[in-house]
Every structure is written in structure tokens, then in C-alpha cells.
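Structure first, commentary second.
Numbering (our numbering), first residue to last: 604 to 741.
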């Protein structure tokens, strides 16, 4: 069973209808080797069918995020989506040039320990964005 079929089976088990549109959207989200905007998912879907509109893309992506199957990350006004199984990392976004650097999530290990110890809070630090200024813009 490939990743698309696994996700669709998970949705079936959670009593979601599996429409052809949802299948194509899930497949498009999984086909990229990077995070995608809703518009990029839409462009990929349009190569297969014109029967899916952008509103359906957004609704399906929102449902996948709500079901814990995908992540939604704000890169300073640009929202990207990725399947939940990709490697944990941090997006470092430059406020000046809007460049994005992917950093290892282990950088936040000490923060995780402190949040657990001092606040009894378990944070999801596997896929977040931090804003600042990159080396070139400093």
C-alpha cells in the first residue's frame, strides 16, 4: 500500500467519504519533495482534471490538517502544507529578504525540556517557523 492509499484508508476508517477529488489532492500533496502552497497543489491537480476548484483544495487541506495527516505552516504570509510524516525541521524565515532556511528540529531540544519541566507543556516543535534576520541581511 503506498502513502496515498494509506492516508485514504485512514480517512475511510474515520468515516470520511473518499471522492476522486480527495484522492487527487492527497496524491498531489504527497507527490512533491517539498512543502506546497494550496495554489501549488491546485496547479498539480489541474494537470489531471479541471473538475476541482481552489475552494475544494483548501477544504481538503484543512480537513487533512485537522485529522493530523498534514501540517500547515505560516512562512510570513505564505501558507505551506506537507504530509505529517516528513522529517522534523524548523523554518527560519528572514524578515528582510523572505528567504527560508531549514534547520534541524534538534536545535529546540533544550526548549522542549524546559517547557516540559517548567510548564508541564508538551510542545509540537517538529515543524515550526521562526522569524528573524539571515546572515546576508544582517
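Cβ atoms here follow ideal geometry from the backbone N, Cα and C, with glycine treated the same way.
CA nearest to the CA of residue i, picked from the options
{"i": "residue 709", "options": "694, 703, 638, 721", "result": "694"}
{"i": "residue 674", "options": "732, 718, 739, 626", "result": "732"}
{"i": "residue 623", "options": "721, 651, 641, 635", "result": "651"}
{"i": "residue 705", "options": "690, 717, 712", "result": "690"}
C-alpha distance - residue i paired with residue j, whole-angstrom precision
{"i": "residue 599", "j": "residue 685", "result": "Because the chain here runs from 604 to 741, residue 599 falls outside it and cannot be looked at."}
{"i": "residue 682", "j": "residue 720", "result": "32 Å"}
{"i": "residue 578", "j": "residue 724", "result": "The question about residue 578 has no answer, for the chain in this structure spans 604 to 741."}
{"i": "residue 620", "j": "residue 614", "result": "8 Å"}
{"i": "residue 604", "j": "residue 728", "result": "The predicted position of residue 604 is uncertain, since its pLDDT is 46 and thus under 50; no value can be drawn from it."}
{"i": "residue 617", "j": "residue 740", "result": "47 Å"}
{"i": "residue 607", "j": "residue 653", "result": "20 Å"}
Beta-carbon separation (whole angstroms), residue i vs residue j, contact threshold 8 Å
{"i": "residue 736", "j": "residue 699", "result": "6 Å"}
{"i": "residue 646", "j": "residue 664", "result": "So it is not a contact: roughly 14 Å between Cβ atoms."}
Identity of the residues DSSP links to residue i by a beta bridge
{"i": "residue 677", "result": "682"}
{"i": "residue 697", "result": "735"}
{"i": "residue 591", "result": "Outside the modelled stretch of the chain, which goes from 604 to 741, sits residue 591, for which no answer is possible."}
{"i": "residue 703", "result": "696"}
Residue i vs residue j beta-carbon contact at 8 Å
{"i": "residue 627", "j": "residue 672", "result": "no"}
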